[in-house]
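Residue numbers (the numbering used here): 266 to 380. First up is the structure itself, then whatever we jot down about it.
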């Protein structure tokens, strides 16, 4: 089992920045691909970014140039730096860890972007 705990959400004005963190514990290891998804009310869960144990990054086109994902292997923690936030970025952001058939989700953290 892997436990994922997100933090760092909150409210921000358009154009602002937030940094989300996801701390993993349990049977986590470098083989996991960790990442972020988001889900807005009435919408499907949407892939945002992922990072492998070797640091290979994938980003959704909708956030390219604004969001970056990084990882601290020593802390088993990933981060999502979100810049130039827009109202359409408002959603619950969920941390995800995947390894072969194993898939784990965090509880999510709310991000609200509004004037």
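Each residue gets a CB set at the ideal place from its N, CA and C atoms; glycine is no exception. No experiment lies behind these values; they were computed from the predicted model shown.
Exercise for the section: Determine the DSSP secondary structure at residue 321, reduced to helix, strand or coil. Expected result: coil
Problem - Alpha-carbon to alpha-carbon, residue 334 and residue 371 - result: 16 Å
Problem - Within 8 Å, strictly: CB atoms of residue 301 and residue 345 - result: yes
Practice task
With DSSP as the reference, label residue 337 as helix, strand or coil.
Solution key: strand
Exercise for the section: Please determine, among 366, 378, 379, 380, the residue with the shortest C-alpha to C-alpha distance to residue 266. Expected result: 366
Exercise for the section: Label residue 303 either buried or exposed according to how many other C-beta atoms from any shown protein chain fall within 10 Å of its C-beta, with 16 as the threshold for buried. Expected result: buried
Exercise for the section: Quick one: using the 10 Å Cβ neighbour count with 16 as the cut-off for buried, is residue 361 buried or exposed? Expected result: buried
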